[in-house]
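A.B. asks: Let me begin by handing over the structure; questions about it come next.
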Amino acid sequence: MKKLLYVLVLVVVGMAMLGCAGLPKTVQSQSRKGVVESEAWKKFDKSGDVKFLQVQTTVPKSDEGTGVLLDGSLGELLVEVQVQPGVEGTESVWSLKNKGPSTVWIVAAGGSESAFPISIDKDQAVELTTMLDKDRYTYLVVDNEGGGKTQLDLAAKCGGTDAKTTRGKNMTVIWF
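This note's numbering puts the first residue of the sequence shown at 2, with every later residue one more than the last.
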């Protein structure tokens, strides 16, 4: 029984990492793609059919000079969206607003042809479109090296449906 459970855990972790293959291991380890939530957890889940897989969070800042690089530095955060099959659309439109005080970078995105990094200065907003993969999943990797309670507000939409966290809210990241 223990052996079967161990194999099952390895399969789930491996499947989760497929969606963000090619990313640094520290970023891949943040992935929640393919994770099955318990029935008890589902009772409190207010996310709906387009879901941020992460919750609102705080993150330590990256070291100076690493914020613009996809290098597995401490401040890199994987933000994932999972879209249920009933939702129309094949892409996710992301809206990101940096409330400062320091610059935030988008250093990677699943299903995007954009050039990275994309800089988002204090009080600046950026919109980015990513394609959903065959599992109706997409992601961004964001980073910051300034800390100081830098706040990034994220919204994502697919087929006219807004992504929500399990608490039914938009996503917010704060670097310290």
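Beta carbons: idealized from backbone N, C-alpha and C, even for Gly.
Since we're looking at a predicted model, the values are computed, not measured.
1. Hey, could you find the ends of the alpha helix (DSSP H) A41 is sitting in?
2. Under 8 Å, with one C-beta from each stretch per pair, do the region 93 to 112 and the region 144 to 154 reach the 3-pair mark?
3. Are the beta-carbon atoms of L129 and S115 separated by less than 8 Å?
4. Relative to the alpha-carbon of G111, which residue among G169, V94 and G161 has its alpha-carbon at the smallest distance?
5. Can at least three beta-carbon pairs, one atom from the region 41 to 59 and one from the region 161 to 177, be found at a separation below 8 Å?
6. Thinking G49 and K165 are a contact (beta carbons under 8 Å), I'd like their distance in whole angstroms, please.
7. By a C-beta neighbour count over all protein chains shown, 10 Å radius and 16 as the cutoff for buried, is K34 buried or exposed?
8. From the DSSP output, in three-state form, read off V127 for me.
9. Please list the terminal residues of the continuous alpha helix (DSSP H) segment that includes Q29.
10. May I have a chain-ordered list of the beta strand (DSSP E) segments no shorter than 3 residues that lie completely inside the region 82 to 142?
11. To the nearest angstrom, how far is it from the Cα of V186 to the Cα of Y138?
C.D. replies: So, from the listed chains and residues:
1. E40 to F45
2. yes
3. yes
4. V94
5. yes
6. 5 Å
7. buried
8. strand
9. K26 to Q29
10. 92 to 101, 105 to 110, 119 to 121 and 126 to 132
11. The chain is shown only over 2 to 177; residue 186 falls outside these bounds and no answer can be derived.
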